[in-house]
Amino acid sequence: MSKKRPVFLVGMMGAGKSTVGPALAARLGRRFFDSDEEIERRAGRSIPAIFEDEGESGFRAREVAAIGSLAEHEDGAVVIALGGGAIVQPGALERLRARGEIVLLEADAAVLARRVGAGSGRPLLAGLSARARAERIEALLAERRPWYEAADHRVDADAGVDEVIDRIVAALRRDSGSGNGARRSMSESGARAPKRAARTGSKGAPASARPSKRSAKGEGRVHARVPVALADRSYAIELGQDWLTTIGRRIGDLLACERIALVTVPTVARRYAPRLSKGLTASGARVGRIVVPDGDATKNPRELARLWDRFLDLGLDRHSAVVTLGGGVVGDLGGFAAATFLRGIPFVQVPTTVLAMVDASIGGKTGINLARGKNLVGAFHQPRGVFIDIDTLRSLPRRERAAGAAELIKAAAIWDAELFAWLESEIEAFLDLEPSVVLHALERGCAIKAEVVARDEREGGLRRLLNFGHTLAHAIETHARYRGILHGEAVSIGMVFAAERSEALGLSPAGTRDRLAALLERAGLPTRAPDRPRRAYLSAIAVDKKKQGGNIHFVVLKGIGNAGTVSLSPREILPPGWKP
Numbered sequence: 001m002s003k004k005r006p007v008f009l010v011g012m013m014g015a016g017k018s019t020v021g022p023a024l025a026a027r028l029g030r031r032f033f034d035s036d037e038e039i040e041r042r043a044g045r046s047i048p049a050i051f052e053d054e055g056e057s058g059f060r061a062r063e064v065a066a067i068g069s070l071a072e073h074e075d076g077a078v079v080i081a082l083g084g085g086a087i088v089q090p091g092a093l094e095r096l097r098a099r100g101e102i103v104l105l106e107a108d109a110a111v112l113a114r115r116v117g118a119g120s121g122r123p124l125l126a127g128l129s130a131r132a133r134a135e136r137i138e139a140l141l142a143e144r145r146p147w148y149e150a151a152d153h154r155v156d157a158d159a160g161v162d163e164v165i166d167r168i169v170a171a172l173r174r175d176s177g178s179g180n181g182a183r184r185s186m187s188e189s190g191a192r193a194p195k196r197a198a199r200t201g202s203k204g205a206p207a208s209a210r211p212s213k214r215s216a217k218g219e220g221r222v223h224a225r226v227p228v229a230l231a232d233r234s235y236a237i238e239l240g241q242d243w244l245t246t247i248g249r250r251i252g253d254l255l256a257c258e259r260i261a262l263v264t265v266p267t268v269a270r271r272y273a274p275r276l277s278k279g280l281t282a283s284g285a286r287v288g289r290i291v292v293p294d295g296d297a298t299k300n301p302r303e304l305a306r307l308w309d310r311f312l313d314l315g316l317d318r319h320s321a322v323v324t325l326g327g328g329v330v331g332d333l334g335g336f337a338a339a340t341f342l343r344g345i346p347f348v349q350v351p352t353t354v355l356a357m358v359d360a361s362i363g364g365k366t367g368i369n370l371a372r373g374k375n376l377v378g379a380f381h382q383p384r385g386v387f388i389d390i391d392t393l394r395s396l397p398r399r400e401r402a403a404g405a406a407e408l409i410k411a412a413a414i415w416d417a418e419l420f421a422w423l424e425s426e427i428e429a430f431l432d433l434e435p436s437v438v439l440h441a442l443e444r445g446c447a448i449k450a451e452v453v454a455r456d457e458r459e460g461g462l463r464r465l466l467n468f469g470h471t472l473a474h475a476i477e478t479h480a481r482y483r484g485i486l487h488g489e490a491v492s493i494g495m496v497f498a499a500e501r502s503e504a505l506g507l508s509p510a511g512t513r514d515r516l517a518a519l520l521e522r523a524g525l526p527t528r529a530p531d532r533p534r535r536a537y538l539s540a541i542a543v544d545k546k547k548q549g550g551n552i553h554f555v556v557l558k559g560i561g562n563a564g565t566v567s568l569s570p571r572e573i574l575p576p577g578w579k580p
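By the working numbering, the letter at position 542 of the sequence shown is numbered 542, and the numbering carries on one by one without gaps.
Given below as structure tokens:
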């Protein structure tokens, strides 16, 4: 007799997990456990007492241990109700999905606040007035939503208990008959090479994996969701294949606005805008298409002003939104236009290049270039969502795919040694656009960027690491006037230079630079700076936006998967005698 898979009930406090759980378990012929009750049983204390004695971190450690133990029940025939914040903890989503089925009980914030009440004994709401309690619940719900939405099944918990159970049972039966159980056994038995199997997101960042179900052109489904946790501005990065029309409908439902400006570039507009627009208009929105020139030189004040004028022509107001379809240039320019038009309107990113998918579209950095430097004018303006269709990469020349891969290699070099080693074995398959490899690589890269942004949105410290290689790269691009060299190519050169300086400063083990350069060269990327006078590079570095006082926060490599920053003057970065 095969072991059953546990059912995990997740959702906010007040969603009804402890009420629905026992009845659901009885219907399914399983045992029911409440993780909070198990924590109290093991500790011999109440949860408020644990919070008081050990803080939230102590409680979360006990929670992980309790859930892990319950999930290992001898026959798996259990229903487990989890605390509201359990799924948000690092690595929790992946552990739960690997072990069982995740069912989300959904309810509006107002319903939750009414159900919880004043005497709930819940530490996160302790001592709050009714109004403050409602506001706290709403904030927690917004912060946790990206994780909740990654559940296997989502059920409206506003209905009666019997109806909620009927819906859950129907969803579980559909899933058991859809082949997903077989898919899991294949993954676990290693039908593909283990290095290409779906893995957890790096350093605990959530990273889900469900294959797209293909149907009509553009009508596929999401493969993975990676949350970007920013309290009430949280959003999800959703990845899939052949699902542009579905993306359009998802965006339409997400934005729920009457007018949308779709900002794109000529080649992308011809290939992909019709399918995306079809989905957007299905939601009832009026969509106006704006096509801007391609290339980094487009990120200039003149094009920005032109976008504002076109927004006015389309009748956009504060209840309208912008959708960017294209690479990093479109996202930066369109996002900055959205950030500044009428003092800010919502926008959504639909990146179509590797570079934009793993880097530029995530984190809310928007802006334009000036003649004296790159990205010197801009704003932090988080998107409402990021939607990725990997099929859009097929229209990219291999050179542009490689340039995008530079940002993926950068993420691995500064953060994730395991991903770096995986790329060393899979870089050719990635550039050849093997779907399973591309989806895995992008998911991991997005998870890294999402975690860094969640921990340091405004680049006060940790997020500076994402500038690895960019100090020299921006100087190269500035002197090239943003023509003739792709951003990823400049970053590749800059990373090798930074790794070389790291070794020279005694901060990195010998051989780190060579290992990095070898992977970049296998991707077809340059690793040596153009032959220009040192003073030309110094003048560009002197206006670097990462400067503080006279020095620059220069990102160094301490080893593969480990980076830091040092404060150096431009002349220390490029010492006398340095030559490209």
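The beta-carbon is built from N, C-alpha and C at its ideal position, and this holds for glycine as well.
Item	Value
Compare the beta carbon distance of A403 and G488 with 8 Å and say whether it is the shorter of the two.	yes
Whole angstroms are fine: how far does the CA of D242 sit from the CA of R394?	11 Å
From this set, T366, L280, R174, D294, which residue's C-alpha is nearest A256's C-alpha?	L280
Span of the alpha helix (DSSP H) holding A49?	47-71
Of all the options E407, E434, A441, K410, which has the alpha carbon lying nearest to the alpha carbon of W422?	A441
Let me know if S567 comes out buried or exposed under the rule of 16 or more other beta-carbons within 10 Å of its beta-carbon.	exposed
Ignore the nearest five residues each way along the sequence and tell me which others in R271's own chain have a CB closer than 6 Å to its CB.	S395
Just to confirm my understanding: we take W445, look at its own chain, exclude 5 residues before and 5 after, and list those with CB closer than 6 Å. What are they?	Looking at the sequence itself, residue 445 is Gly, so the reference to Trp does not match. Here the set comprises V358, L408, A411.
In terms of residue numbering, what span does the alpha helix (DSSP H) encompassing Y272 cover?	266-282
Measure the CB-CB distance between V79 and L9 and report whether it falls below 8 Å.	yes
Would the beta-carbon of A134 fall within 8 Å of that of A113?	yes
What did DSSP end up calling G367 once you bin it into helix, strand or coil?	strand
Going by the beta-carbon positions, is the gap between Q282 and R249 smaller than 8 Å?	Contrary to the premise, residue 282 reads as Ala rather than Gln in this sequence. Yes.
Ordered along the chain, which non-local residues of its own chain (more than five positions away) have a Cβ less than 8 Å from that of D53?	R45
Suppose you measure from the CA of A510 to the CA of R501; what does that come to, to the nearest Å?	11 Å
Using the C-alpha atoms, what's the distance from A475 back to P533?	12 Å
Three-state secondary structure (DSSP) at G404?	helix
Could you check if Y148 belongs to the surroundings of the ligand FAD, using beta carbon to heavy atom distance under 7 Å?	As far as ligands go, the structure on display features none, and thus does not contain the ligand FAD.
Does the beta-carbon of D34 have 16 or more other beta-carbons within 10 angstroms, so that it is buried, or is it exposed?	buried
With burial defined as no fewer than 16 other Cβ atoms inside 10 Å of the residue's Cβ, what is the status of V7: buried or exposed?	buried
Based on the DSSP output, what are the partners of P351 in its beta bridges?	G326
Does the distance from the C-beta atom of A450 to that of P266 stay below 8 Å?	no
Touching or not, the region 285-296 and the region 304-323, by the rule of three or more beta carbon pairs under 8 Å?	yes
Looking only at its own chain, which residues have a Cβ that is under 6 Å from the Cβ of S212, when we skip the five neighbours before and after it?	Confidence at S212 is low in this model, with a pLDDT of 38, below 50, so its placement is unreliable and the value that follows should be read with caution. Contacts found: G220, R221, H223, G240, Q241.
Helix or strand or just coil, what does DSSP make of S18?	helix
When the Cβ atoms of the region 362-379 are set against those of the region 295-307, are three or more pairs found closer than 8 Å?	yes
Going straight from the alpha carbon of L370 to that of A92, what length do you get?	44 Å
Give the straight-line distance between the Cα atoms of M13 and G83, rounded to the nearest whole angstrom.	7 Å
Alpha carbon to alpha carbon, what distance is there between K579 and A229?	43 Å
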